[in-house]
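K.L.:
Sharing a structure below in structure tokens format, with a few things to ask.
Residue numbers (the numbering used here): 2 to 156.
Put into structure tokens, the structure is as follows:
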């Protein structure tokens, strides 16, 4: 998926300046109907996940800007297989434990999300970006649950 970064930046800046988004204004800034639908879909996806986290009384701090940064980092592809386009927001550690945060949310395809065997190399590289923010090096590794735990978790 190719999305114009400058257009996306304009939309994000507009949403930061005016959190009560105007659908018409987002449509204007998006420039195309396809871009508009992508932006609205991701806003709705993020709001839904934040609502779930709040209901569970866990951290719900992922912003739209951060979610788009994660999507760009993984090139709008599944973080696990890095082949298929992403379809869902997945939590590395269970939502009920780590919430919906920049360090815990990644894009995934439905196939990989449901699979018991996942490749962690791209996710470990992504988590390494947060290493200075973590108390110690072991903490980053503990963010990845065991494979059996991943298969049992629900978003």
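Where is the CB? At the ideal position from N, CA and C, for every residue including glycine.
Taking the alpha-carbon of residue 108 as reference, which of 97, 31, 4 and 123 has the nearest alpha-carbon?
P.N.:
Taking the first residue of the chain shown as 1, we reach residue 108 at position 107. Among 97, 31, 4 and 123, the Cα nearest to that of residue 108 belongs to 123.
K.L.:
Relative to the C-alpha of residue 130, which candidate in 104, 46, 114 and 29 has its C-alpha closest?
P.N.:
Translated into the one-based positions of the chain shown, residue 130 becomes position 129. Among 104, 46, 114 and 29, the Cα nearest to that of residue 130 belongs to 104.
K.L.:
I need the straight-line Cα distance from residue 85 to residue 79, nearest angstrom please.
P.N.:
In the chain shown, residue 85 corresponds to position 84, counting from 1. In the chain shown, residue 79 corresponds to position 78, counting from 1. In a straight line, the C-alpha of residue 85 is about 6 angstroms away from that of residue 79.
K.L.:
Leaving out five residues on either side along the sequence, give the residues of the same chain with a beta carbon under 8 angstroms from the beta carbon of residue 54.
P.N.:
Residue 54 sits at position 53 when you count from the first residue of the chain shown. If we look at residue 54 and ignore the five residues flanking it on each side, its Cβ neighbours are 60, 61, 96, 100 and 101.
K.L.:
For residue 79, name the three-state secondary structure that DSSP assigns.
P.N.:
For the purposes of this step, residue 79 is taken as residue 78 along the chain shown, with counting starting at 1. Coil, per DSSP.
K.L.:
Taking the alpha helix (DSSP H) that residue 124 belongs to, which residues open and close that run?
P.N.:
The sequence position of residue 124 within the chain shown is 123, counting from 1. First-last of the alpha helix (DSSP H) with residue 124: 122-129.
K.L.:
How is residue 94 classed by DSSP in three states: helix, strand or coil?
P.N.:
Working through the chain shown from its first residue, we reach residue 94 at position 93. Coil.
K.L.:
Please go through the same chain and pick out, in chain order, the residues whose beta-carbon is closer than 8 angstroms to the beta-carbon of residue 25, but skip the five residues on each side of it.
P.N.:
Here residue 25 corresponds to residue number 24 of the chain shown, with the count starting at 1. Once the five neighbours on either side are set aside, residue 25 has no close Cβ partner at all.
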